[in-house]
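Comments concern the structure below.
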Amino acid sequence: MILYADDSRDDQFLLKAASKDAGIADRYVMVDDGAKAIEYLGRAGTEPGVPVPGIALLDIKMPYKDGLETLKWIRASPRWRCLPVLMLTSSLHPGDIDRCYEHGVNAYLVKPSSAMELKELASALKSFWLRFNEYPSCVRGKPAS
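Mapping of the sequence shown onto the working numbering: position 127 corresponds to residue 164, and the numbering continues sequentially without gaps.
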């Protein structure tokens, strides 16, 4: 399962649509900001119907709690510090990139500008993160691919 935090409903829709070809459109839980991502993680695996994510995708620029603040919270959390986190953002600012890696992001991805590239990204998420990657114990086993 992929937890995706992005305040742009359009970007959420486009990623989910691009993920249909990869067969993972049903693997997302979408939230609108970092505060909601943290709230979701607080319930994940402890409440029925709230599955543990295998990875988190975070946009940087979001209201309430941005992606970097959310990343810092995840890395400081005893339960979630080993959760793979990928930034998926439109920011190419070197400072954003450096800060994310300094705080333990696993990958920094710039949002694709075309539908074809977005489909390639969804396919890469499936093949690398959902199929080949081995997950740490905090994720409680490899998510279904």
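Positions of the beta carbon are idealized from the N, C-alpha and C atoms, including for glycine.
Notebook entry, point to check: Is any heavy atom in the ligand GDP found nearer than 7 Å to the beta carbon of Asp-70?
Noted result: You won't find the ligand GDP in this model; it holds no ligand whatsoever.
Item checked: Under 8 Å between C-beta atoms of Met-99 and Asp-44 -> yes
Next item on the list: In angstroms with no decimal places, state the Cα-to-Cα distance between Asp-47 and Leu-105.
Entry: Those two C-alpha atoms are separated by around 21 Å.
Notebook entry, point to check: In chain order, what residues of the same chain have a beta carbon less than 6 Å from the beta carbon of Lys-163, not counting five sequence neighbours either side?
Noted result: Cβ within range, chain order: Ala-59, Ile-61.
Margin query: As an exercise, report each continuous alpha helix (DSSP H) stretch of at least 4 residues that is fully enclosed by the stretch 100-165, in chain order.
Written below: 104-113, 131-139, 152-161
Item checked: Alpha-carbon to alpha-carbon, Leu-95 and His-130 -> 16 Å
Checklist line | Per-residue burial, Leu-167 [other beta carbons within 10 Å of its own, 16 or more giving buried] | finding: buried
Next item on the list: Identify every residue that forms a DSSP beta bridge with Met-38.
Entry: Beta-bridge pairing links Met-38 to no other residue.
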